[in-house]
Amino acid sequence: MNPKSLSGAGENVISVNSKLTAVLWQTNGFGGLLVVPTRDTDMEGSIPSKCPPNPKLVEASRGRLISDFSLSRLEEYLMVTASEDSIRTWKFESELWPMNGKGGNVSDFKEELKVEGKRINKIDLHPLLPNLLTASTRDFSIRLFDINKNSEFLKLETDMKDILQSFSWDPLGSTFATSCKDRYLRTWDPRQSKMIASVETHASTKGFQVKWLGDTELLLTSGFTKSGEREISIWDHRDLTRSIGTQKFGTAATPILPLFDEGNNLIFLAGRGDGNIQIYEQISSPPFFVFVNEFKSSTPSSDLCAFPKKMVDTRKWEIIRFAKLSKTTLEHLSFFIPRKGEQFQEDLYPPTFSGETTLSLDEWVAGNNLTPQLMSLRPEGVVSIYETEPEKEEQAAQYRKERQLGVALGTAEPAKSAALPKGSLQDSNNSALAAEDSMESQPVAKPSAPKFSWSSIMMDIQSRVKTEDQLSSTSDSLPLESMVSAPLIESESQKTVETQEEQVEEVEVEEPHQVDVEETSDHSHKIFKGGYQYAGQLKDGKRHGKGKLILPDSNIFTGQWDNDKRKQGSYIFADGST
1 MNPKSLSGAG
11 ENVISVNSKL
21 TAVLWQTNGF
31 GGLLVVPTRD
41 TDMEGSIPSK
51 CPPNPKLVEA
61 SRGRLISDFS
71 LSRLEEYLMV
81 TASEDSIRTW
91 KFESELWPMN
101 GKGGNVSDFK
111 EELKVEGKRI
121 NKIDLHPLLP
131 NLLTASTRDF
141 SIRLFDINKN
151 SEFLKLETDM
161 KDILQSFSWD
171 PLGSTFATSC
181 KDRYLRTWDP
191 RQSKMIASVE
201 THASTKGFQV
211 KWLGDTELLL
221 TSGFTKSGER
231 EISIWDHRDL
241 TRSIGTQKFG
251 TAATPILPLF
261 DEGNNLIFLA
271 GRGDGNIQIY
281 EQISSPPFFV
291 FVNEFKSSTP
301 SSDLCAFPKK
311 MVDTRKWEII
321 RFAKLSKTTL
331 EHLSFFIPRK
341 GEQFQEDLYP
351 PTFSGETTLS
361 LDEWVAGNNL
371 TPQLMSLRPE
381 GVVSIYETEP
391 EKEEQAAQYR
401 KERQLGVALG
411 TAEPAKSAAL
421 PKGSLQDSNN
431 SALAAEDSME
441 SQPVAKPSAP
451 KFSWSSIMMD
461 IQSRVKTEDQ
471 LSSTSDSLPL
481 ESMVSAPLIE
491 SESQKTVETQ
501 EEQVEEVEVE
511 EPHQVDVEET
521 SDHSHKIFKG
531 GYQYAGQLKD
541 GKRHGKGKLI
551 LPDSNIFTGQ
561 WDNDKRKQGS
571 YIFADGST
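Residue numbers in the sequence shown follow the UniProt record's numbering, run continuously in steps of one, and reach 578 at the last position.
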């Protein structure tokens, strides 16, 4: 068993809330999830220091693979999984279960909702409304479900020509944006049963993700250029005719994961397959994002997911915390802003969503609008910096006013690409960092807003990773390496598979994909791609022949199969990757 490795845009490997963390787990015969407790700062002993040899798994589907899964942020012991033609809801007893529960794997789901004849591709729990689940299916429709009533109540017919890859709701939970593998960004009003607007985005067919940038009118997309460069773009959803800002990040095989800290308007760009995270501030005028800093790590990330804001340790000036899944470890990665004094730094921690809702799902469907209930992160008995330094409150209020004014005015001119700052890199010598991680300082662009000067601070980034002999019950990381019976996640460029034939000359591939091929003597193949299994015939498939592998869903992979004396090989693609 081992953690599942996925590399495409929109493919989830991990989901978190303040109580539980779920990791997609490779299994034989069923779709499995490892569910462990999320240890908050003050909860000692709740996360195990090691994963057991045969961990207790949630059997999300028997004989079928998981297409998507999500832990609820509103009902924190609730999880939803999707596979093939069904959606299942799971209700756990506590954060210490199911990993420490009695018996074997967990297969007792709460409810199952069948979507007859249509394979479910993507699911998304509404961020503000309990029980509202949005799902996309392989007939390219979008469906809304009431999981409390276990029923579908709305179906949106779409013009999508490929699979949907991500959802993102606006800050009031009324409309949502989607990214699709047909390269189109679309916005939707589900209660009006209509698409609002659409635009063609990144040129590559590798896919892209979309993220609504907090309480603004702006959307961020991350994808690839036609030549394979990673890039992000900013869009005003009121006018999707063209992007208002774009930044390129160099050629890479894996996508950028965009994450957003709404309270501080910070964009975190993490690359799947590498350990670096670039940090930008989202501002209200061109170029709409400016470089702040970069976190560097030699440990590649398989997936990264942000914890709820209410989990940050305000006494240590922690502004955001991520769950990072790497090759052998599930770890917590925290970002801090160094401050002096014992006061509550209220300019760093504006009110955040409490998790409570003002409407029922039926009221929302009837046309009533949500008002997110906010809470203060100020600990009881702690004095606010606004009480001791009133000018801080004035600066924060001015920043919010200018930011909202800039967003309201919008821009008629396309923004130029934000240039990365130049200059030599220097070590910060932060002793709190793990040996494999480094924090490096660069000159940074100056934001136009007078916020507490992101441009002049050094962001103190701490990765709470310990070596195996240092791990204890209070560790912030969960090592996986010594518990698995199969090779762990392999890099895309090194993946090899066994074959029963001594050599096969060529199989043409449409574009680079990571696939495993098992060839049999009758020249048929089994292809494992994106967590699904396909079977097909090698046309003109003589042992030394050239041909195409036609898959049942009409995908065609072409390329060259290269064998060595050990009867192992790999696909060699047009871009030189294997």
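Where a beta carbon is used, it is the ideal one built from N, C-alpha and C, also for glycine.
Membership of L220 in the beta strand (DSSP E) is indicated by the continuous run L218 to F224. Rounded to the nearest whole angstrom, the CA to CA distance from N12 to S61 is 16 Å. Per the C-alpha coordinates, the member of T21, P127 and Q278 positioned closest to V292 is Q278. Here the C-alpha atom of S354 lies approximately 26 Å from the C-alpha atom of W188. Contact annotation, T221 with W235: C-beta distance approximately 7 Å; criterion of less than 8 Å satisfied. Annotation for L348: no alpha helix (DSSP H) segment contains it, and DSSP assigns it neither H nor E.
Nearest neighbour of E95 by Cα position, chosen from L348, L113, D274 and E76, turns out to be E76. Under the three-state reduction of DSSP output, P190 falls in the helix class. Counted as a single uninterrupted DSSP element, the beta strand (DSSP E) harbouring Y280 occupies residues I277 to Q282. Within the same chain, and ignoring the five residues on either side of S233 in sequence, the residues whose Cβ sits closer than 6 Å to its Cβ are T221, S243 and T246. Contiguous beta strand (DSSP E) elements confined to the segment 106-165 occur at 111-114, 120-125, 132-137, 142-146 and 151-156, taking only those with 3 or more residues. The Cβ atoms of R321 and S302 lie no closer than 8 Å to each other.
Secondary structure at W364: helix, using DSSP grouped into helix, strand and coil. Counting along the chain, E387 sits inside the alpha helix (DSSP H) bounded by residues I385 to T388.
Under DSSP, H202 shares a beta bridge with no residue.
If the five residues before and after K122 are omitted, its C-beta is found closer than 6 Å to the C-beta atoms of D68, S136 and L164, all from its own chain and listed in chain order. With a cut-off of 8 Å on Cβ pairs, the segment 317-331 is not in contact with the segment 81-95, counting fewer than three such pairs. By alpha-carbon distance to T358, the top candidate from E157, L74, G381 and D274 is L74. Apart from sequence neighbours up to five positions away, the residues of its chain that approach L259 with a beta-carbon distance below 6 Å are F268 and A306, ordered along the chain. Annotation for F109: R88 and W90 place their beta carbon closer than 6 Å to its own, counting only its chain and skipping 5 residues before and after. In chain order, L144, F145, D146 and V365 place their CB closer than 8 Å to the CB of F153, counting only its own chain and leaving out the 5 sequence neighbours on each side. Annotation for G32: W25 and L57 place their beta carbon closer than 6 Å to its own, counting only its chain and skipping 5 residues before and after. Rounded to the nearest whole angstrom, the CA to CA distance from L125 to V382 is 35 Å. Taking C-beta separations shorter than 6 Å and ignoring five residues to either side along the sequence, the partners of L71 in its chain run S15, N17, L20, A22 and M79, following chain order.
The beta-carbon separation of E262 and D215, rounded to 7 Å, stays under the 8 Å limit for a contact. DSSP, read as helix, strand or coil, puts A252 in coil. The beta carbon of K155 sits closer than 6 Å to those of S141 and R143, all from its chain and outside the five residues before and after it, given in chain order.
Residue pairing by DSSP places A177 opposite S168 and T187 in a beta bridge. Within the same chain, and ignoring the five residues on either side of E217 in sequence, the residues whose Cβ sits closer than 7 Å to its Cβ are D236, H237, R238 and V407. Taking each of N265, T225, E111 and F295 in turn and checking the Cα distance to L213, the smallest one comes out for N265.
Excluding its 5 nearest sequence neighbours in each direction, V199 has C-beta neighbours in its own chain below 6 Å: L185 and L240, listed in chain order. If you draw a straight line from the Cα of M311 to the Cα of S204, it is about 37 Å long. A distance below 8 Å between beta-carbons, with the five flanking residues on each side excluded, links S151 to the following residues of its chain, in chain order: L113 and F145. Under the DSSP definition of a beta bridge, L304 partners with K324.
Within the same chain, Cβ atoms closer than 8 Å to the Cβ of S174 are found at D189, R191, N369 and L370, the five residues on either side in sequence being excluded. T201 is positioned such that its CB atom lies no closer than 8 Å to that of R230.
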